[in-house]
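Counting in numbering that gives the first Met the number 0, the sequence shown runs from 0 upward without gaps. First up is the structure itself, then whatever we jot down about it.
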Amino acid sequence: METGDEWLAMDKLQHFLFSFFLTIIFSLLANRTPYSFIRNRSILVGSMVSLAAGAVKEVADEMGYFKSAGASAKDAIFDLLGTLVAALPLYLSRSHSISVARGTNQLDEVKEAEMV
């Protein structure tokens, strides 16, 4: 494990952004597949790819493949945070688009209630 690893370092921002964008990119790619099993779980697929990439990077750090002092639990936490922050808006936008597609728009329900 790395010693002297600060919580607020440029490295942590890079881990966060890398995981964030990997989650978004692979979720959107999985959403475009012709296979409904993958399409229905696109956010999970994107998140798993992102977390796997972060884990592989930490293993490579520990094995000395990169110029690093070793694996860092703080790096892994920022990988997880980037993935979660990306997955949340993807999930919320999916929930909203599903409810609109099903015709359960909340504004329509309010208008119907007001008319009664």
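Built from N, CA and C at the ideal position, the CB exists for glycine as well.
With DSSP collapsed to three states, give me the class of Ser71.
In this structure, Ser71 counts as coil in the three-state DSSP scheme.
Along the chain, where does the alpha helix (DSSP H) containing Thr22 start, and where does it finish?
Where Thr22 is concerned, the enclosing alpha helix (DSSP H) stretches over 9-30.
Could you check where the alpha helix (DSSP H) with Phe116 kicks off and where it finishes?
With the chain covering 0 to 115 only, the question about residue 116 has no answer from this structure.
Nearest-angstrom Cα distance between Leu7 and Ala72?
Taking the straight line from one Cα to the other gives about 14 Å.
Which two residues bound the contiguous alpha helix (DSSP H) that contains Lys66?
Where Lys66 is concerned, there is no enclosing alpha helix (DSSP H), given that its DSSP letter is neither H nor E.
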